[in-house]
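Working notes, beginning with the structure itself.
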Amino acid sequence: MYVEFDRDTCVGMYQCVAEWDAFEKNLNAGKADLAGSTEEEEDLFVLDVPDGEEFDAKFAARVCPVDAIAVYDDDGERVV
């Protein structure tokens, strides 16, 4: 399972930060950061979800008010 985070879409509500420790507040930018992620394209960050953190990753995606977070299974199918 992996997460894609579109940082350009992020509006800095930080609801994801409250739901999953992989997200951190970046108050200087007014947006969240996805710790340990790789920038695949400009402002598109990808992170493999560690074992045991699948629920938290999905919940972070569900609470994002602007749908900046997407969760995919290992086959590349979007699950959230």
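The sequence shown: position 65 = 156 (our numbering), numbered continuously. Glycine included, each C-beta is placed from N, C-alpha and C at the ideal position.
Close CB contacts of Leu135 within its chain, under the 7 Å cut and outside five residues either way in sequence, are with Glu95, Asp97 (chain order).
For the 7 Å CB-CB criterion, Val137 and Ala148 do not form a contact.
Residue range 122-125 is occupied by the beta strand (DSSP E) that includes Ala123, with no alpha helix (DSSP H) assigned at that position. Sorting Phe114, Gly143, Glu144 by C-alpha distance to the C-alpha of Lys122 places Phe114 at the top. Nearest to Cys155 by alpha-carbon distance, out of Met92, Met104, Glu131, Asp99, is Met104.
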